[in-house]
Amino acid sequence: MDLDAITKYSALHVKPSGLVLQYGTAGFRTKAEHLDHVMFRMGLLAVLRSKQTKSTIGVMVTASHNPEEDNGVKLVDPLGEMLAPSWEEHATCLANAEEQDMPRVLMDISVKAAVNLQQDAFVVIGRDTRPSSEKLSQSVIDGVTVLEGQFHDYGLLTTPQLHYMVYCRNTSGQYGKATIEGYCQKLSKAFTELTKQAFYSGDEYRSLKVDCANGIGALKLREMEHYISQELSVQLLNDGTKGKLNHLCGADFVKSHQKPPQGMEMKPNERCCSFDGDADRIVYYYLDVDGHFHLIDGDKIATLISSFLKELLLEIGESLNIGVVQTAYANGSSTRYLEEVMKVPVYCTKTGVKHLHHKAQEFDIGVYFEANGHGTVLFSKAAEIRIKQLAKELEDKKRKAAKMLENVIDLFNQAAGDAISDMLVIEAILTLKGLTVQQWDALYMDLPNRQLKVKVADRQVISTTDAERQVVTPPGLQEAINDLVKKYKLSRAFVRPSGTEDIVRVYAEADSQENADSLAHAVSLAVFQLAGGVGEPPQAVSCPY
Ligand code: NG1
Ligand code: ZN
Numbered sequence: 001m002d003l004d005a006i007t008k009y010s011a012l013h014v015k016p017s018g019l020v021l022q023y024g025t026a027g028f029r030t031k032a033e034h035l036d037h038v039m040f041r042m043g044l045l046a047v048l049r050s051k052q053t054k055s056t057i058g059v060m061v062t063a064s065h066n067p068e069e070d071n072g073v074k075l076v077d078p079l080g081e082m083l084a085p086s087w088e089e090h091a092t093c094l095a096n097a098e099e100q101d102m103p104r105v106l107m108d109i110s111v112k113a114a115v116n117l118q119q120d121a122f123v124v125i126g127r128d129t130r131p132s133s134e135k136l137s138q139s140v141i142d143g144v145t146v147l148e149g150q151f152h153d154y155g156l157l158t159t160p161q162l163h164y165m166v167y168c169r170n171t172s173g174q175y176g177k178a179t180i181e182g183y184c185q186k187l188s189k190a191f192t193e194l195t196k197q198a199f200y201s202g203d204e205y206r207s208l209k210v211d212c213a214n215g216i217g218a219l220k221l222r223e224m225e226h227y228i229s230q231e232l233s234v235q236l237l238n239d240g241t242k243g244k245l246n247h248l249c250g251a252d253f254v255k256s257h258q259k260p261p262q263g264m265e266m267k268p269n270e271r272c273c274s275f276d277g278d279a280d281r282i283v284y285y286y287l288d289v290d291g292h293f294h295l296i297d298g299d300k301i302a303t304l305i306s307s308f309l310k311e312l313l314l315e316i317g318e319s320l321n322i323g324v325v326q327t328a329y330a331n332g333s334s335t336r337y338l339e340e341v342m343k344v345p346v347y348c349t350k351t352g353v354k355h356l357h358h359k360a361q362e363f364d365i366g367v368y369f370e371a372n373g374h375g376t377v378l379f380s381k382a383a384e385i386r387i388k389q390l391a392k393e394l395e396d397k398k399r400k401a402a403k404m405l406e407n408v409i410d411l412f413n414q415a416a417g418d419a420i421s422d423m424l425v426i427e428a429i430l431t432l433k434g435l436t437v438q439q440w441d442a443l444y445m446d447l448p449n450r451q452l453k454v455k456v457a458d459r460q461v462i463s464t465t466d467a468e469r470q471v472v473t474p475p476g477l478q479e480a481i482n483d484l485v486k487k488y489k490l491s492r493a494f495v496r497p498s499g500t501e502d503i504v505r506v507y508a509e510a511d512s513q514e515n516a517d518s519l520a521h522a523v524s525l526a527v528f529q530l531a532g533g534v535g536e537p538p539q540a541v542s543c544p545y
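The sequence shown: position 438 = 438 (UniProt numbering), numbered continuously.
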């Protein structure tokens, strides 16, 4: 390691002294102007991680659904997964080292992690459409270059596309070609083959309005568009030509405000969906004939997909095990429906896709979705091999089902939740089953729910257990929540410190919207009082936004 060169180049990416950041559930995320040194240092760290794993490592510059002024960075591990936990700690140490200590901290990490510095390193980089992203990704490249790592800059990519590229490169192209063309070809081929099996092919199933959050999803869906135009016509809204990224639009806005994005004109019963700013989340929705808005979130997406998969497995007579993985934010009705009606085992993990992804790997077929629309389906290698074999061996209807499953495997991005891939799977399933958006929505009724945010002096005073459904500290808070929950029917509430914002999140559901709002407010007050709230106490919610 050329420590002199590192010191010299680091001086061009100086850390503001005293700034402390944490590698959270989605990497580093804060105001873009505070991130230059973090980017440079993550370039350095990606080289070390690449040397240690003898694999290609990804670096994605994005702040997903956060406001346009924010930015962020996360590293992608060899099989497209989130960075290993011990390296998250290294990332936090390196990002927070004061300027003069940074080279020493870097050396310490390479010793601790037993990195062979002679090993070659290769890093791939992607970025979203934020105005700050281009310069910040250049700082990543500076870091990679100082440590003499090789790199490929993909430029503008969705987050899941970067995960895909990393996965392809580390499986010698077996998963697919590590190019945008390879990505589009793989997905569109599977989509086309799958939809070909449809009995229904009327126009009514073939067009979809997509709110692209004024982000990268618009550019990348445009690139995909001509590959799939025979089967599906997509109308892109909030495509970044006018509005601001994630402002009054995108999956996060629609999910949390439970209303349509700006710029989306919806006719009754028309199927619409929203991506988030880096296109790894998707939610669907429609207006009914009375003009009421209906949200179809990640839970209902997981339900549609797992019921389809179960039917195909039944058809081929194969007992591969399916599991659905959710977080505490999953609507209580979805969990009940999956367990009691569909008889599918459901598991709850902590928030953050890495936890869901990890759990989903335990099954032959692991379906995981966060309520906010981030998720995918993982097939174990053994299940994939078995299905491919059956697609050759079986006959007639059974063979057709096995072939469809084979297409589904190719259509899901196995490296990460992916709005484009999920959208294609959903559209194919709706077409194949001849389902309208209302019929899909009618699978079960969501329990009314409310999410709120509470500002506290230090959100880490709240610690939790039982997949974040129970508070451990501060003392008395869980008891207070229990007492409040008892006052409402069909109710449930929990609180946890956010991993991406400096706030505590409160979630409540109950038998009516009024009760969910009232419970959420009461729990917010308890958090404010018992966990060191700052500013004004939470106000009662008529409309929290
Ligand atoms: P935090 O801020 O830790 O709640 C949010 C989402 C997560 C996940 C991450 C990463 C909710 C309630 N939380 O995390 O599910 O998507 O962002 O983007 O939706
Ligand atoms: Zn995202």
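In this text, a Cβ means the ideal position worked out from N, Cα and C, and glycines have one as well.
- In the DSSP assignment, I282 falls within the unbroken beta strand (DSSP E) covering I282 to L287.
- In this structure, T349 has its beta carbon at no less than 7 angstroms from each heavy atom of the ligand ZN.
- In this structure, DSSP gives M266 a state outside helix and strand, which the three-state scheme calls coil.
- At a threshold of 7 angstroms, H65 counts as near the ligand ZN, since its beta carbon sits closer than that to one of the ligand's heavy atoms.
- For K255, there is no enclosing beta strand (DSSP E); the residue is part of the alpha helix (DSSP H) that begins and ends at A251 to H257.
- Remark: the shortest separation between the CB of G277 and any heavy atom of the ligand ZN falls under 7 angstroms.
- For D466, the CB stays at least 7 angstroms from every heavy atom of the ligand ZN.
- Around the CB of M224, 16 or more other CB atoms lie within 10 Å, so the residue is classed as buried.
- Listed in chain order, the alpha helix (DSSP H) elements of length 4 or more contained wholly in the stretch 82 to 153 are 85 to 96, 102 to 112 and 133 to 146.
- Around the C-beta of H374, 16 or more other C-beta atoms lie within 10 Å, and the residue is accordingly described as buried.
- By the criterion of a C-beta distance shorter than 8 angstroms, G182 is surrounded in its chain by C168 and G176, once the five residues flanking it on both sides are discounted.
- Counting of Cβ neighbours within 10 angstroms places L117 among the exposed residues, the total staying below 16.
- Of the candidates L232, L245, G263 and T376, the residue whose Cα lies closest to the Cα of D299 is T376.
- With contacts defined as CB atoms closer than 8 angstroms, D276 and H65 qualify as a contacting pair.
- R459 has its CB no nearer than 7 angstroms to any heavy atom of the ligand ZN.
- Put simply, the stretch 529 to 538 touches the stretch 452 to 466. At least three CB pairs are less than 8 angstroms apart.
- By the Cβ rule, the stretch 394 to 410 does not count as touching the stretch 131 to 148, because fewer than three pairs are nearer than 8 angstroms.
- For H357, the enclosing alpha helix (DSSP H) covers residues V353 to A360.
- Taking every protein chain shown into account, the CB of Q119 has fewer than 16 other CB atoms within 10 angstroms, so this residue is exposed.
- V425 carries a helical assignment under DSSP once its states are collapsed to helix, strand and coil.
- Assignment of alpha helix (DSSP H) within the stretch 369 to 454, counting only whole runs of 4 or more residues, yields 381 to 393, 396 to 411, 419 to 433 and 437 to 441 in chain order.
- Proximity to D502 across T158, R459, A522 and A520 peaks at R459, based on C-alpha coordinates.
- The three-state secondary structure of P474, taken from DSSP, is coil.
- When only Cα atoms are considered, I282 and D441 end up about 15 angstroms apart.
- For V210, same chain residues with a beta-carbon under 6 angstroms away, outside a window of 5 residues either side, are V234, L236 and C273 in chain order.
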